[in-house]
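The next block holds one structure in the form of structure tokens; read it before the comments.
In this note's numbering, the protein residues as written are 68 to 134.
Structure representation (structure tokens):
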């Protein structure tokens with residue numbers, strides 16, 4: 068009985084934490100920008116990798132590129 072009570076207590080705690088995280092995010096679906104249409108060319112951007120080196124979208128295009 069004690070083990071079952073502990074399992075229910077842990078599950079209830081996870082549900083409460085998840086609800087608090089969603090409610091506290093402060094974002095609505097209407098606040099998010101709409102994604103670009105499929106096939107639309109997007110602007111070039113740069114992002115760092117795990118080592119801190121920056122990679123741009125333009126650097127990934129080409130013959131052996133991922134895009």
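Using N, Cα and C, we set each Cβ at its ideal position, and we do this for glycine too. Everything numeric in this text was worked out from a predicted model, so none of it was measured.
DSSP three-state assignment for residue 123, whether helix, strand or coil
Strand, per DSSP.
Would you mind stating whether residue 123 and residue 113 have Cβ atoms separated by less than 8 Å?
Residue 123 places its beta carbon less than 8 Å from that of residue 113.
Measure the alpha-carbon distance for residue 111 versus residue 128 and round it to whole angstroms.
C-alpha separation (whole angstroms): 11 Å.
Out of curiosity, what's the CA-to-CA distance linking residue 106 and residue 118?
In a straight line, the C-alpha of residue 106 is about 31 Å away from that of residue 118.
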